[in-house]
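Take 1057 as the starting number for the sequence shown in our numbering and just add one per residue. A virtual CB, placed ideally from N, CA and C, is assigned to each residue, including glycine.
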Amino acid sequence: MWRPELRIDRCVCQRVTFDRLLPVARAEAWTLEQLIQETGCGDQCGMCRPYLRQMLADGTTIFRELLEEIPEASCDAEEAA
Ligand code: FES
């Protein structure tokens, strides 16, 4: 049975691919919140936020699985650790 390949590689709302965002984010040393503020990515439907978070963490720009958003309280705890 044929199954479509999952490929998540962009903020659909801003029409920007993660591979275009990553070099800028690294050059500016943006946190997720700074990236959202500067680009608007993640600030509309928010579906790309877990992918943006992972991109900043390990440089991944193409995702083959669905990621879930981490609640803000957990994010703060992770950043403080
Ligand atoms: S997909 Fe990025 S804010 Fe909607």
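(message) Please return the same chain residues whose Cβ sits closer than 8 Å to the Cβ of residue 1106, not counting the five positions on each side in sequence.
(response) 1123, 1124, 1125, 1126
(message) Measuring alpha carbon to alpha carbon, tell me which residue in 1116, 1111, 1099 is nearest residue 1068.
(response) 1099
(request) Classify residue 1104 as buried or exposed, calling it buried when 16 or more other Cβ atoms lie within 10 Å of its own Cβ. (result) buried
(request) Quick one: residues in its chain with C-beta nearer than 6 Å to the C-beta of residue 1119, no 5 flanking neighbours on either side, listed in chain order? (result) Closer than 6 Å at the Cβ level, and outside the excluded window around residue 1119, lie 1064, 1107.
(request) With a threshold of 16 other CB atoms inside 10 Å of the CB of residue 1062, please say whether the residue is buried or exposed. (result) exposed
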